[in-house]
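Participant: Protein chains in written order, with my numbering: chain A, 1372 to 1750; chain B, 86 to 357.
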């Protein structure tokens, strides 16, 4: 995509001259009969905040543990800075990991926890206190240096774990569900803190998460995984707006999927027949499609408008009846039943207060969207 | 719940405890008996304790017993901890179940058989019977107790702590020494105390493997009782009972405190 020359955008993956920091080359990992990682090839670049996203059991943690050295690939190679990682044991790797359980050493104070890795590095002894203090400042833990891990709160423990894993200034920091144990509010604050620290230290972060919102918030690129395979690797906005499959569209955010048959195509415009007696959906598709093939039309609820009166001049207009309303405060989601019993969700920002909204249960309504609002998916 | 302590409960409790502790209580009481006759109460006195400490043979036996207990329980702790660690950490390897079964076998093996087996081994390799053979034999049979105690702690040990240590640059041995060992230390200590107590009062195995110069206290007691019960033995037994009781209570307190600490830490972690 063309970017204005005067505003540099961080996108090393689009620069063919950039050398990747991590390269997975046809990596597979099998545990007995079970294939955890299925032939993955992937490049991760310096200073990236890379998220591995997927449901539990999709292989994301295995992928990360292979980077840390706790698992070895059954097939394929992993390179860090061009060097094959296979023969290097975990204690010799220039990667550090922040564990899901934090794995703080309960018998050591916060200070000693952070100094633990430094004492085992080639850093001169007299430089260690300064580095520990620096990490304590970075994570705002100065006051807790003398406490033991069980004497501080969960949020503070999370920051100790982060400080400890960053202290050795690793080339690559691995974060395994780093915010999973925090409550929602604290998690959101910590996400921004993580991004801030990542920017300040310039370290490459790889984060494993099952929380799509978290991945979208923090990551420069997101890899969506399923059953050991990479389904899509892209920036958060592209993952959301241009998913390459029904799986990705469905996994990330809320989506309406309409199954239909591709009909007439003219350039990138195309019509999809989705229900008997209903006007075809006008959509846009990047690639050519064979007429009559089955396609899935995916559209996000916030891109569907809802109205009591039939709107004029919209590319797509569908009649329906309000089945359910979910009021979430800032937005409301209307579940509308359309032809063939299909439910389509439309999301409306609640710009007015409750008493001024006029659509209610069992109302006949019109749904409308433009011909570029959704994406056409083949699988 | 307002449940009264019924007379039935009270009776069964009294009977049960009487059954368990009456002999011991009588022994303790008679150790303070002034009369030389074991069955006649002649007033309170501590003279048998005094005579006991004047008897060189008893003191020698006590010294042998203490040496054996200290060395064998320490060796058993090292070996038992290693065995527990390997069985818990090495993952699946061929014959793992067999190995863990074999480690625990001496727990249920009759002592007579173990003692006899030891004796045959020492004769076969031509090792002269003495303090060393008692130490070796005691190490063998107490090791499995240590291993049971330590492995029950390792079951709940968060493996990611060790991984974190490796990740931060520890060699596997350094990770064990600086992370695993300090955390499981209470279990190791209570294993040691258990081994110490077991070694202290072992008679059967010692009988088999002891030499002429290496009589342990239980052996000494046993042989003098055969010549007739003597009030000194009562005094000695009272001292032994106190030591063993203190050992067992300490071991259980240590492990109880450790469990409480662990639970508190876990709760603190979950709370957030």
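Here a beta-carbon is modelled for each residue, glycine too, at the ideal position from N, C-alpha and C.
Of all Cβ atoms in chain A, is any one closer than 8 Å to the Cβ of residue 197/B?
Facilitator: Taking the second chain and counting its residues from 1, one reaches residue 197/B at position 112. Not one chain A Cβ lies under 8 Å of residue 197/B.
Participant: Measure the CB-CB distance between residue 284/B and residue 157/B and report whether it falls below 8 Å.
Facilitator: Along the second chain, one-based indexing puts residue 284/B at 199. Along the second chain, one-based indexing puts residue 157/B at 72. Taking 8 Å as the Cβ cut-off, residue 284/B and residue 157/B qualify as a contacting pair.
Participant: May I have a chain-ordered list of the beta strand (DSSP E) segments no shorter than 3 residues that lie completely inside the segment 1604–1685 of chain A?
Facilitator: Listed in chain order, they are 1627–1637, 1640–1644, 1652–1655, 1665–1670 and 1676–1678.
Participant: Kindly indicate which three-state DSSP category residue 1694/A falls into: helix, strand or coil?
Facilitator: Reading the first chain from its first residue, position 323 is the one you call residue 1694/A. In this structure, residue 1694/A counts as strand in the three-state DSSP scheme.
Participant: Is there a Cβ of chain B sitting closer than 8 Å to that of residue 1488/A, yes or no?
Facilitator: Here residue 1488/A is taken as the residue at index 117 of the first chain, counted from 1. With 8 Å as the cut-off, residue 1488/A counts as an interface residue toward chain B.
Participant: Tell me which residues of the segment 1460–1479 of chain A have at least one Cβ-Cβ distance to chain B shorter than 7 Å, keeping chain order.
Facilitator: Residues passing the 7 Å Cβ filter: 1461, 1462, 1467, 1468, 1470, 1472, 1474, 1476, 1477 and 1478.
Participant: Rounded to whole angstroms, what's the CA-CA distance from residue 154/B to residue 117/B? Just pull it up for me.
Facilitator: Position 69 of the second chain, counted from the first residue, corresponds to residue 154/B. Position 32 of the second chain, counted from the first residue, corresponds to residue 117/B. Each residue's alpha carbon lies about 27 Å from the other.
Participant: Determine the direct distance from the alpha carbon of residue 122/B to that of residue 323/B, and round the result to whole angstroms.
Facilitator: Numbered from its first residue, the second chain carries residue 323/B at position 238. Numbered from its first residue, the second chain carries residue 122/B at position 37. The alpha-carbon atoms of residue 323/B and residue 122/B are separated by roughly 17 Å.
Participant: Can you confirm whether residue 1492/A, when its beta carbon is compared against all beta carbons of chain B, has any partner nearer than 8 Å?
Facilitator: Mapped onto the first chain, residue 1492/A falls at position 121. It does: the Cβ of residue 1492/A has a partner Cβ on chain B nearer than 8 Å.
Participant: Taking only three categories from DSSP, how would you classify residue 340/B?
Facilitator: Indexing the second chain from 1 puts residue 340/B at position 255. Residue state, collapsed to three classes: helix.
Participant: Against chain B, with Cβ distances strictly below 8 Å, would residue 1742/A count as a contact?
Facilitator: Position 371 of the first chain holds residue 1742/A. Interface with chain B (8 Å Cβ-Cβ cutoff): residue 1742/A is excluded.
Participant: Can you grab the Cα-Cα spacing for the pair residue 277/B / residue 252/B, in whole Å?
Facilitator: Counting from one through the second chain, the residue named residue 277/B turns up at place 192. Counting from one through the second chain, the residue named residue 252/B turns up at place 167. If I take the Cα positions, the gap works out to 31 Å.
Participant: Tell me whether residue 1373/A is buried or exposed, calling it buried when 16 or more other Cβ atoms sit within 10 Å of its Cβ.
Facilitator: Walking along the first chain from the start, residue 1373/A turns up at place 2. Here the model assigns residue 1373/A a pLDDT of 47, short of 50, so the residue's position is not dependable, and the following value carries that caveat. Exposed is the call here.
Participant: Would you tell me roughly how many angstroms separate the C-alpha atoms of residue 320/B and residue 339/B, rounded to the nearest one?
Facilitator: Here the question's residue 320/B lines up with position 235 in the second chain. Here the question's residue 339/B lines up with position 254 in the second chain. So the alpha carbons of these two residues sit roughly 29 Å apart.
Participant: Should the segment 204–220 of chain B be called in touch with the segment 1400–1416 of chain A, which here means at least 3 C-beta pairs below 8 Å?
Facilitator: no
Participant: Which of the three DSSP states, helix, strand or coil, is assigned to residue 230/B?
Facilitator: Translated into positions along the second chain, residue 230/B becomes position 145. It is helical.
Participant: Does any CB atom of chain B fall closer than 8 Å to the CB of residue 1521/A?
Facilitator: Locating residue 1521/A in the first chain gives position 150, counting from the first residue. With 8 Å as the cut-off, residue 1521/A counts as an interface residue toward chain B.
Participant: So is residue 1405/A in contact with chain B if we call contact Cβ pairs under 8 Å?
Facilitator: Taking the first chain and counting its residues from 1, one reaches residue 1405/A at position 34. Chain B, which has no Cβ nearer than 8 Å to the Cβ of residue 1405/A, makes this no.
Participant: Which residues in the same chain have their Cβ closer than 7 Å to the Cβ of residue 1461/A, if we skip the five residues on either side of it in sequence?
Facilitator: Here residue 1461/A is taken as the residue at index 90 of the first chain, counted from 1. So the qualifying residues of the chain are 1439, 1440 and 1441.
Participant: Between the alpha carbons of residue 1603/A and residue 1685/A, how many angstroms are there, rounded?
Facilitator: One-based indexing of the first chain puts residue 1603/A at position 232. One-based indexing of the first chain puts residue 1685/A at position 314. Each residue's alpha carbon lies about 32 Å from the other.
Participant: Name the residues in the segment 1423–1449 of chain A whose C-beta lies less than 9 Å from a C-beta of chain B; which are they?
Facilitator: 1436, 1439, 1440 and 1441
Participant: Can you pull the chain A neighbours of residue 272/B, defined as C-beta to C-beta under 7 Å?
Facilitator: Taking the first residue of the second chain as position 1, residue 272/B is located at position 187. Neighbours of residue 272/B on chain A: none; closest Cβ ~14 Å, over 7 Å.
Participant: What residue does the beta strand (DSSP E) around residue 1447/A start on, and which one ends it?
Facilitator: Taking the first residue of the first chain as position 1, residue 1447/A is located at position 76. Counting along the chain, the beta strand (DSSP E) containing residue 1447/A begins and ends at 1446–1451.
Participant: Does DSSP put residue 1569/A in a helix, in a strand, or in coil?
Facilitator: The residue labelled residue 1569/A in the question sits at position 198 within the first chain. Three-state result, residue 1569/A: helix.
Participant: Give me the chain A residues within the contact set of residue 239/B, using Cβ-Cβ distance strictly less than 8 Å, ordered along the chain.
Facilitator: Within the second chain, numbered from 1, the residue matching residue 239/B stands at position 154. Ordered by position in chain A, no residue passes the 8 Å Cβ test against residue 239/B, which lies about 15 Å from the chain.
Participant: Please decide whether residue 172/B counts as near chain A, where near means a Cβ-Cβ distance under 8 Å.
Facilitator: In the second chain, the residue the question calls residue 172/B occupies position 87. Cβ-Cβ to chain A under 8 Å: no for residue 172/B.
Participant: Starting from residue 1592/A, follow its DSSP beta bridges and name the residues at the other end.
Facilitator: For the purposes of this step, residue 1592/A is identified with residue 221 of the first chain, where counting begins at 1. According to DSSP, which records beta bridges pairwise, residue 1592/A is partnered with 1421/A.
Participant: Scan the segment 256–285 of chain B for residues whose Cβ lies nearer than 9 Å to a Cβ of chain A and list them as they occur along the chain.
Facilitator: 256, 257, 259, 260, 263, 264, 267, 268 and 270
Participant: Taking only beta-carbon positions, decide if residue 249/B is within less than 8 Å of chain A.
Facilitator: Counted from its first residue, the second chain places residue 249/B at position 164. It does: the Cβ of residue 249/B has a partner Cβ on chain A nearer than 8 Å.
Participant: Use the C-beta contact count for residue 1597/A: other C-beta atoms within 10 angstroms, 16 or more gives buried, fewer gives exposed.
Facilitator: The residue given as residue 1597/A occupies position 226 in the first chain. That one is buried.
Participant: Taking the alpha carbon of residue 119/B as the point to measure from, which residue in 262/B, 129/B, 299/B and 279/B has its own alpha carbon closest?
Facilitator: Position 34 of the second chain, counted from the start, is the residue given in the question as residue 119/B. The shortest C-alpha separation from residue 119/B is found at 129/B.
Participant: Can you tell me whether residue 287/B is buried or exposed, with buried defined as 16 or more other CB within 10 angstroms of its CB?
Facilitator: Taking the first residue of the second chain as position 1, residue 287/B is located at position 202. Burial state of residue 287/B is buried, judged by a 10 Å Cβ sphere holding 16 or more other Cβ atoms.
Participant: Let me know the secondary structure DSSP gives residue 1731/A once reduced to three states.
Facilitator: Within the first chain, the letter at position 360 stands for residue 1731/A. In the structure shown, residue 1731/A sits in coil (DSSP, three-state: anything other than H, G, I, E or B).
Participant: How about residue 349/B: is its C-beta nearer than 8 Å to some C-beta of chain A?
Facilitator: Start at 1 with the first residue of the second chain, and residue 349/B comes out as number 264. Taking Cβ atoms only, chain A reaches closer than 8 Å to residue 349/B, which makes this a yes.
Participant: Contact between the segment 1627–1641 of chain A and the segment 1651–1668 of chain A is defined here as three or more beta-carbon pairs at a separation below 8 Å; is this criterion met?
Facilitator: yes
Participant: If I measure Cβ to Cβ from residue 94/B and keep anything under 6 Å in the same chain, skipping five residues before and after, which residues do I get?
Facilitator: Indexing the second chain from 1 puts residue 94/B at position 9. Same-chain partners within the cutoff: there are none.
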